[in-house]
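Chains as they are written, first to last, in the numbering used here: chain A, 7 to 264; chain B, 34 to 455.
Glycine included, every Cβ here is placed at the ideal spot set by N, Cα and C.
Scroll down for the structure; my scribbles are underneath it.
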């Protein structure tokens, strides 16, 4: 979204290095991410795109040997700063994983979990509303409204992933990170999720890691190309796919490696 | 070339057939031993669930009991039953001399006086009347009646005299000997007399020990497992702790018994021979088992569930308590029950802390002296009397039944509450 023609930057990464033990996984990544746009991160396996994504909600903290250096500013606040509280950060930055991972609880409990722990609903009625709107936004409501109290693990893969998206948006995050959300799904479910992403970007800033260049071209406005831990090139999706500056990007896009 | 290939294929099939045969014979051997073991226990033990009674004519003679007319309840309690009891036994053979009267008395348990007393307390109107009363047969006659007694031994090598056998056979012929279900085996505490000995004390002792053990070991072990698995940093110190927990699981149980003796009894002066001390000692033994089971089931919770919760902004504590721990509970619980079943069968540490003492009262709390089932087996197996042989097997049957029920329970918990995740 542009205000008076100026791009609004939501996330600003500056010189981010990531180490797994002694091995460096990301080198000097600097990347700006625009608000209310879909940014796709592409690149061959092991290039560090998922690692970068996980830096944005500090999920790398979970890995003992992983250390992150550099600044990541979200709303001009450095999330790698000691004063940053990860619990509040993750309330604002939702995440959808590669493999659908609903809690082994009911659909309702899955969606209401976030609002419950963050104290977002005062009454049962309010919670019902949050669950309903979240499921509607995730385009799942019509399919599951009669079985909200059945286990979430009983859904199909595509439905499970949409449930995970509903769960992520239930706390109204500003940013949604998606780590190859369609790689475990069939083409029809993938199409549904892609449509959904287009819808969601009205309210959320979306960053999606994907293996499929076609998907990146379909859903994103901006694209970053990673290779061997380096951000080779980034810019508008149109430019990256039609007229990349870098030879490597050109080779990857045209399928010469990766 | 082709022929070679066929030969090779044949060889491979033969190898598989041989392997199947080995496997089957191994299973057959295991089943055979199990069957022999169970058959032996049941064939020796089943008779302990029957008890032999002599039906004896008792005349409630007020004069012999030193009772006045219209006695009150207290009078009946305090009355002297020994004389009428003796007389009833002596009446079995009107021609008996003094020695023979003594032998007649020894045909029933020393409890016979009390049995006669209870009869009268139940029905005070019996004063002055004669009634047939069921008296517990002595353990030797009990064995005679069950056919476990070597009657053909020379008399001086037997505890039952020819005279007693003669009278007993007469009673049998007159239908005055009856076999009934042995309730007292379950309601009596231990006794020096095999015919009166029961498992009530050791059964309650085992239950109390297991409860104490559960209440200490379960919370401590689960907290330790959760901390180690979910919160502790992975460094040399935690590695060291992990190795030592695994070592602890392999420490012989008698060492824990020595620890209980040296620390709980010698330093803290807790009451000796009690399920409290027994339970604490057993909990030390059970701790590593539960910790290992709980950690294994925490590890089995897919990391994706933790990531999902963390990414929703749940704190580590919330992730653990809302998701990981509930999902790991079935495994933890069945591990706990298996640990408790192990503790239930443990003998050595209990012997060291004094639960091997002769206890003829039924404990009402973990602070009362008690035995435990495996120790009871040990005590009875050491006793010389023939009557205890079947009791040992019967007690083993009860213990095995207890263990089977616990293991079944563990299986049910695991199957019923285990959640499936995709």
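(Q) 7 angstroms is my cut-off, CB to CB: does residue 364/B come that close to chain A? (A) Along the second chain, one-based indexing puts residue 364/B at 331. Answer no: the Cβ-Cβ gap between residue 364/B and chain A never drops below 7 angstroms.
Tell me, please, whether the stretch 73-92 of chain B touches the stretch 210-226 of chain B by the rule of three or more beta-carbon pairs shorter than 8 angstroms. yes
Please identify, using Cβ separations under 8 angstroms, the residues of the stretch 322-353 of chain B that lie next to chain A, in order along the chain. 335, 337, 338, 339, 340, 341, 342, 343, 344, 345, 346, 347, 348, 351
Practice item. State yes or no: is the C-beta of residue 235/B within less than 7 angstroms of the C-beta of residue 110/B? Key: The sequence position of residue 235/B within the second chain is 202, counting from 1. The sequence position of residue 110/B within the second chain is 77, counting from 1. Against a cut-off of 7 angstroms, the Cβ pair of residue 110/B and residue 235/B comes out as no contact.
Short CB-CB distance (under 7 angstroms) between residue 449/B and chain A = Counted from its first residue, the second chain places residue 449/B at position 416. By this cut-off, residue 449/B is not an interface position.
Nearest to residue 78/B (by Cα), restricted to the options 45/B, 445/B, 450/B, 430/B:
For this step, residue 78/B is matched to residue 45 along the second chain. Minimum Cα distance to residue 78/B is reached at 430/B.
- Item | Check whether residue 476/B and residue 374/B have beta carbons under 7 angstroms apart | It is not possible to answer for residue 476/B, since the shown part of chain B is limited to 34 through 455.
- Query: Which chain A residues are close to residue 360/B, counting only those with a beta carbon under 8 angstroms from its beta carbon?
  - Reply: Here residue 360/B refers to the residue found at position 327 when the second chain is read from its first residue. Here the neighbours are 110.
Practice problem: Look at the Cβ atom of residue 267/B, then the Cβ atom of residue 70/A, and state whether they are nearer than 7 angstroms. | Solution: For the purposes of this step, residue 267/B is identified with residue 234 of the second chain, where counting begins at 1. For the purposes of this step, residue 70/A is identified with residue 64 of the first chain, where counting begins at 1. It is a contact, given that the beta carbons lie within the stated cut-off.
Beta carbons nearer than 8 angstroms to chain A: which residues of the stretch 256-276 of chain B have them?
266, 267
Quick check on the burial criterion: 16 or more other C-beta atoms within 10 angstroms. Buried or exposed for residue 193/A?
Here residue 193/A corresponds to residue number 187 of the first chain, with the count starting at 1. Counting Cβ neighbours within 10 Å, residue 193/A comes out exposed, since fewer than 16 surround it.
Does any C-beta atom of chain B lie closer than 7 angstroms to the C-beta of residue 175/A?
Translated into positions along the first chain, residue 175/A becomes position 169. So, not an interface residue.
Give the C-beta separation of residue 20/A and residue 36/A to the nearest angstrom, bearing in mind that I take them to be a contact with Cβ-Cβ under 8 angstroms. If you number the first chain from 1, residue 20/A lands on position 14. If you number the first chain from 1, residue 36/A lands on position 30. Indeed, because the Cβ distance is near 5 angstroms, the residues count as touching under 8 angstroms.
- prompt: In terms of DSSP beta bridges, what is residue 264/B paired with?
  reply: Position 231 of the second chain, counted from the start, is the residue given in the question as residue 264/B. Per DSSP, none; premise fails for residue 264/B.
- Task: Compute the beta-carbon to beta-carbon distance between residue 202/A and residue 171/A, rounded to the nearest angstrom, for a pair I have assumed lies under 8 angstroms.
- Result: Your numbering for residue 202/A matches position 196 in the first chain. Your numbering for residue 171/A matches position 165 in the first chain. So it is a contact: roughly 7 angstroms between Cβ atoms.
Q: Would you kindly work out how many angstroms separate the C-alpha atoms of residue 318/B and residue 281/B, rounded to a whole number?
A: Taking the first residue of the second chain as position 1, residue 318/B is located at position 285. Taking the first residue of the second chain as position 1, residue 281/B is located at position 248. The alpha-carbon atoms of residue 318/B and residue 281/B are separated by roughly 8 angstroms.
Quick check on this structure: which residue in 215/B, 353/B, 71/B has the alpha carbon closest to the alpha carbon of residue 82/B? Along the second chain, read from residue 1 onward, the residue named residue 82/B stands at position 49. Nearest of 215/B, 353/B, 71/B to residue 82/B, Cα basis: 215/B.
Practice problem: Identify whether residue 121/A lies in helix, strand or coil by the three-state DSSP scheme. | Solution: Your numbering for residue 121/A matches position 115 in the first chain. Of the three classes helix, strand and coil, the one that applies to residue 121/A here is helix, per DSSP.
* Asked: Which residue comes first and which comes last in the alpha helix (DSSP H) that contains residue 43/A?
  -> For the purposes of this step, residue 43/A is taken as residue 37 along the first chain, with counting starting at 1. Per DSSP, residue 43/A belongs to no alpha helix (DSSP H) and is neither H nor E.
- Message: On the DSSP bridge list, what partners appear for residue 236/A?
- Response: What you label residue 236/A is simply residue 230 of the first chain in a count that begins at 1. 233/A, per the DSSP bridge assignment.
Under the three-state DSSP convention, the category residue 250/A falls into: Here residue 250/A refers to the residue found at position 244 when the first chain is read from its first residue. The answer is coil: DSSP assigns residue 250/A none of H, G, I, E or B.
Q: Spatial neighbours of residue 220/B within its chain, please: CB distance less than 7 angstroms, with the 5 preceding and 5 following residues excluded, ordered by chain position.
A: In the second chain, residue 220/B corresponds to position 187, counting from 1. So the qualifying residues of the chain are 231, 233.
What's the call for residue 8/A, buried or exposed, on a 16-neighbour Cβ count within 10 Å? What you label residue 8/A is simply residue 2 of the first chain in a count that begins at 1. Annotation note: pLDDT 49 at residue 8/A (below 50); position unreliable, coordinate value reported separately. Exposed.
Problem set entry | Beta carbon proximity, residue 455/B to chain A, threshold 7 angstroms | By 1-based counting over the second chain, the position of residue 455/B is 422. In this prediction, residue 455/B has a pLDDT of 40, which is less than 50 and means its spatial position is unreliable; nothing more can be read from the coordinates.
- Spatial neighbours of residue 210/A in its chain, beta-carbon cut-off 6 angstroms, leaving aside the 5 residues before and after: What you label residue 210/A is simply residue 204 of the first chain in a count that begins at 1. Contacts found: 182.
Please report the straight-line C-alpha distance between residue 259/B and residue 48/B, rounded to a whole angstrom. Stepping through the second chain from its first residue, residue 259/B is reached at position 226. Stepping through the second chain from its first residue, residue 48/B is reached at position 15. When rounded, the distance between both Cα atoms is 47 angstroms.
Around the Cβ of residue 168/A, are there at least 16 other Cβ atoms within 10 angstroms (buried) or fewer (exposed)? Working through the first chain from its first residue, we reach residue 168/A at position 162. Buried, since its Cβ has 16 or more Cβ neighbours within 10 Å.
- prompt: In angstroms, rounded to a whole number, what distance separates the CA positions of residue 455/B and residue 165/A?
  reply: For the purposes of this step, residue 455/B is taken as the residue at position 422 of the second chain. For the purposes of this step, residue 165/A is taken as the residue at position 159 of the first chain. Any reading at residue 455/B must be qualified, since the residue scores a pLDDT of 40, below 50, and its modelled position is unreliable; no value is offered.
Would you mind working out which of 362/B, 136/B, 75/B sits nearest residue 254/B, comparing C-alpha positions? Mapped onto the second chain, residue 254/B falls at position 221. Checked all of 362/B, 136/B, 75/B; the closest Cα to residue 254/B is 362/B.
7 angstroms Cβ cut-off: residues of chain B touching residue 4/A = This structure gives no information on residue 4/A, because the portion of chain A shown stretches from 7 to 264.
Quiz prompt | N-terminal and C-terminal residue of the beta strand (DSSP E) that residue 73/A is part of | solution = For this step, residue 73/A is matched to residue 67 along the first chain. Looking at the DSSP string, the run of the beta strand (DSSP E) that includes residue 73/A is 72-80.
_So within the stretch 207-250 of chain B, which uninterrupted beta strand (DSSP E) runs reach at least 3 residues, ignoring any that extend past its ends?_
210-214
Inspect the CB distances between the stretch 344-351 of chain B and the stretch 110-129 of chain A and report whether three or more fall short of 8 angstroms. yes
| request: Run through the stretch 35-98 of chain B for me and flag every whole alpha helix (DSSP H) of 4 or more residues, listed as ranges in chain order. | output: 35-78
Given that residue 105/A touches chain B, what residues does it touch there, using C-beta distances under 7 angstroms? For this step, residue 105/A is matched to residue 99 along the first chain. Ordered by position in chain B, the residues that pass the 7 angstroms Cβ test against residue 105/A are 337.
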